[in-house]
Amino acid sequence: MPLLPLLPIFHRLNREHFDGTLAVNGQPLSCVRWSDGRMSRTAGFYRRGPGIGASRGSEIVLSRPLLEPLPQEATESTLCHEMIHAWVDLVLRTRESHGPRFRARMEAINAAQDRFQVSVRHRYPVPVRPLRWWAVCPSCGSRYPYRRRISNAACRKCCDQHHAGRWHRSCVLQFESAV
450 MPLLPLLPIF HRLNREHFDG TLAVNGQPLS CVRWSDGRMS RTAGFYRRGP GIGASRGSEI
510 VLSRPLLEPL PQEATESTLC HEMIHAWVDL VLRTRESHGP RFRARMEAIN AAQDRFQVSV
570 RHRYPVPVRP LRWWAVCPSC GSRYPYRRRI SNAACRKCCD QHHAGRWHRS CVLQFESAV
């Protein structure tokens, strides 16, 4: 399905489920946009901070690669999920991830309509990337799969068991190619 403009969907969802509180004078409180095509592991996110979202201070970004091939309900559900994050943050002025305020609004939205269902975790098909590395603990020999090398990563089991839970050089994982 081709990508749809997000602002009309945002404004409709804002009217229907947020009493218009996520926009002032027709302008969303957060920048709302599609990703540039690189976001391939998560369907969407909300973030806030200085210099984010064209100086609005927050933005909602939806994944072009994950949502483009899916039906419009997936876009609406993901956008609504991220709008709940924005509502909890900007309107309620509370910092929580998927806490009680988020869940209460999610349940109210799901009960009020049947076009889509908002969930805490989306179950969209995500392309599986091949395993690239095995990290091996020099102390116990445990092997852990990794997609990328991480410097100074240590075996938690050995750090906990031999060093009171503190990082120690003897537990630093050694990486072996998996391909």
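Start counting at 1 in the sequence shown, then tack on 449, and there's your number in our numbering. Glycine is no exception: its CB is placed at the ideal position from the N, C-alpha and C atoms. These numbers come from a predicted model, not from an experiment.
If only uninterrupted beta strand (DSSP E) runs of at least 3 residues are considered, those enclosed by the stretch 463 to 547 are 480 to 483, 493 to 497, 507 to 511.
For Phe624, the enclosing beta strand (DSSP E) starts and ends at 623 to 626. The Cβ neighbour count for Cys620, taken over all protein chains shown within 10 Å, is at least 16; the residue is labelled buried. The three-state secondary structure of Ala613, taken from DSSP, is coil.
Trp616 is classed as exposed because its beta carbon has fewer than 16 other beta carbons within 10 Å across all chains shown. Distance between Ala584 and His534, taken at the CA atoms: about 36 angstroms. Selection Leu511, Leu580, His611, Ala560 evaluated against Glu465 yields Ala560 as nearest (Cα-Cα). In this structure, DSSP gives Ala602 a state outside helix and strand, which the three-state scheme calls coil. Annotation for Pro574: no alpha helix (DSSP H) segment contains it, and DSSP assigns it neither H nor E.
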